[in-house]
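Heads up: the sequence shown runs through residues 12 to 248, numbered per the numbering used here.
A virtual CB, placed ideally from N, CA and C, is assigned to each residue, including glycine.
First the structure, in the form of structure tokens, and then the observations on it.
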Amino acid sequence: MGEHIVFEQYTDMDKNIRVLAQVKAECLCHQYLNDCRVKCTNCSKYKKILDCYSQLATCDKLKCDHDADYIVGYLIRDRLQYKSIKLRTFATLLLFGTIIIFLLFICTGCLHAQTFNAFDKQSQEIWNILWRVQCKVHDCNLDGQINCIDYSLEFKKQWDKVFNPAYCEIVRNRNRDNGFNHLFVRVKSDNTCDYWIFVEPQATYGSYLMEDFWGDRYNFWKNIYGETNNWLRHYVQ
Numbered sequence: 012m013g014e015h016i017v018f019e020q021y022t023d024m025d026k027n028i029r030v031l032a033q034v035k036a037e038c039l040c041h042q043y044l045n046d047c048r049v050k051c052t053n054c055s056k057y058k059k060i061l062d063c064y065s066q067l068a069t070c071d072k073l074k075c076d077h078d079a080d081y082i083v084g085y086l087i088r089d090r091l092q093y094k095s096i097k098l099r100t101f102a103t104l105l106l107f108g109t110i111i112i113f114l115l116f117i118c119t120g121c122l123h124a125q126t127f128n129a130f131d132k133q134s135q136e137i138w139n140i141l142w143r144v145q146c147k148v149h150d151c152n153l154d155g156q157i158n159c160i161d162y163s164l165e166f167k168k169q170w171d172k173v174f175n176p177a178y179c180e181i182v183r184n185r186n187r188d189n190g191f192n193h194l195f196v197r198v199k200s201d202n203t204c205d206y207w208i209f210v211e212p213q214a215t216y217g218s219y220l221m222e223d224f225w226g227d228r229y230n231f232w233k234n235i236y237g238e239t240n241n242w243l244r245h246y247v248q
């Protein structure tokens with residue numbers, strides 16, 4: 012009989028708090044941009060947020076506030092960028108259209124040549140990917156859960172949009188001695204660098220290094236490589 016594998020995952024309360032934080036961040040974003048068509052006092056979604064929030068314990072409220080503040084900054088930035096694009100006039104686009112197409116062609120060729128400092132273990136480039144993962148993560152493999160599988164798949168997808176896909180791999184760690192069974196990623200700066208950084212895709216603050224995030228539970232020698240493509244087959248947008 013095959014061994015039953017249980018992956019590390021969030022509790023139902025953690026999932027509920029994350030959903031509440033995401034909805035709250037959406038409302039905060041609308042308030043900041045003043046682009047919501049419904050007043051808060053008349054908004055049924057806003058009332059539900061207040062009702063759910065009031066039932067949380069104090070520590071859960073702090074976590075919800077932290078996650079919402081964490082997400083809203085990226086929502087505002089993305090929407091401001093979208094609005095700035097919409098404000099461009101037709102004449103400007105017509106005048107510079109040829110130049111833009113040429114630059115996009117050049118940038119596409121250079122996109123995967125972008126690197127980060129492999130010796131800076133807390134690289135800002137990696138944190139940028141992690142922040143995008145927090146905003147984009149979902150049930151990537153349609154198993155009804157959001158756990159380390161989904162975070163690793165989403166990290167890989169977000170990484171491939173910015174850096175060379177060859178420099179990011181999904182890694183599995185199976186330690187039968189302590190029951191640790193976990194999925195995460197490893198990345199490096201370029202093909203000339205043999206130094207891999209092992210990243211916990213669920214990290215939101217502090218350190219994203221696997222050895223810092225999991226401590227003694229993580230044993231580097233239990234890592235399993237070469238499964239990236241197999242996991243990516245399960246990804247659903």
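Between the options, which has its C-alpha nearest residue i's C-alpha?
{"i": "Phe174", "options": "Asp150, Gln248, Asn139", "result": "Asn139"}
{"i": "Val159", "options": "Asp89, Ile181, Leu44", "result": "One detail in the question is off: residue 159 reads as Cys in this sequence, not Val. When only C-alpha atoms are compared, the closest one is Ile181."}
{"i": "Ile137", "options": "Ile208, Asn45, Thr52, Asp62", "result": "Ile208"}
{"i": "Gln135", "options": "Leu243, Tyr219, Asp161, Asn53", "result": "Tyr219"}
{"i": "Pro212", "options": "Asn45, Arg143, Ile110", "result": "Arg143"}
{"i": "Gly226", "options": "Asp150, Thr109, Asn189, Cys151", "result": "Asn189"}
{"i": "Asn45", "options": "Glu222, Ser65, Ile87, Tyr178", "result": "Ile87"}
{"i": "Ser200", "options": "Arg187, Tyr178, Gly217", "result": "Tyr178"}
{"i": "Ser65", "options": "Leu31, Cys54, Tyr85", "result": "Leu31"}
{"i": "Lys26", "options": "Val198, Asp62, Asp71", "result": "Asp71"}
{"i": "Asn186", "options": "Arg197, Arg228, Lys59", "result": "Arg228"}
How should residue i be labelled, buried or exposed, when 16 other C-beta atoms within 10 angstroms of its C-beta is the threshold for buried?
{"i": "Phe195", "result": "buried"}
{"i": "Met24", "result": "exposed"}
{"i": "Lys50", "result": "exposed"}
{"i": "Ile28", "result": "buried"}
{"i": "Asp78", "result": "buried"}
{"i": "Thr22", "result": "exposed"}
{"i": "His193", "result": "buried"}
{"i": "Gln169", "result": "buried"}
{"i": "Trp232", "result": "exposed"}
{"i": "Ala68", "result": "exposed"}
{"i": "Val106", "result": "The question names Val, but residue 106 is Leu in the sequence shown. It is exposed - the Cβ of Leu106 has fewer than 16 other Cβ atoms within 10 Å."}
{"i": "Ile111", "result": "exposed"}
{"i": "Gly155", "result": "exposed"}
Can you find the residues in the same chain that come closer than 7 Å, C-beta to C-beta, to residue i, ignoring five residues on each side of it along the sequence?
{"i": "Gln145", "result": "Tyr81, Ile82, Thr215"}
{"i": "Arg183", "result": "Leu194, Ile235, Glu238"}
{"i": "Leu153", "result": "Val247"}
{"i": "Phe224", "result": "Glu211, Ala214, Ser218"}
Spatial neighbours of residue i within its chain, please: CB distance less than 8 Å, with the 5 preceding and 5 following residues excluded, ordered by chain position.
{"i": "Lys56", "result": "Val34, Cys38"}
{"i": "Asp161", "result": "Val148, His149, Asp150, Cys151, Asn152"}
Under three-state DSSP, which class holds residue i?
{"i": "Glu180", "result": "strand"}
{"i": "Ile208", "result": "strand"}
{"i": "Ile157", "result": "coil"}
{"i": "Asn175", "result": "coil"}
{"i": "Asn230", "result": "coil"}
{"i": "Asn240", "result": "helix"}
{"i": "Val1", "result": "Beyond the ends of the chain as shown, which are 12 and 248, falls residue 1; an answer cannot be given."}
{"i": "Asn152", "result": "coil"}
{"i": "Asn189", "result": "coil"}
{"i": "Gln248", "result": "coil"}
Please return the same chain residues whose Cβ sits closer than 6 Å to the Cβ of residue i, not counting the five positions on each side in sequence.
{"i": "Cys47", "result": "His41"}
{"i": "Val147", "result": "Looking at the sequence provided, one finds Lys at residue 147 rather than Val. Closer than 6 Å at Cβ, skipping near neighbours: Glu165."}
{"i": "Tyr246", "result": "Cys151, Leu164"}
{"i": "Leu243", "result": "none"}
How about residue i: is its C-beta nearer than 7 Å to some C-beta of chain D?
{"i": "Gln66", "result": "The structure shown contains no chain D; it holds only a single protein chain."}
- [ ] Report the residue ranges of all alpha helix (DSSP H) runs contained in full by the stretch 29-96; include only those spanning at least 4 residues, in chain order.
- [x] 55-65
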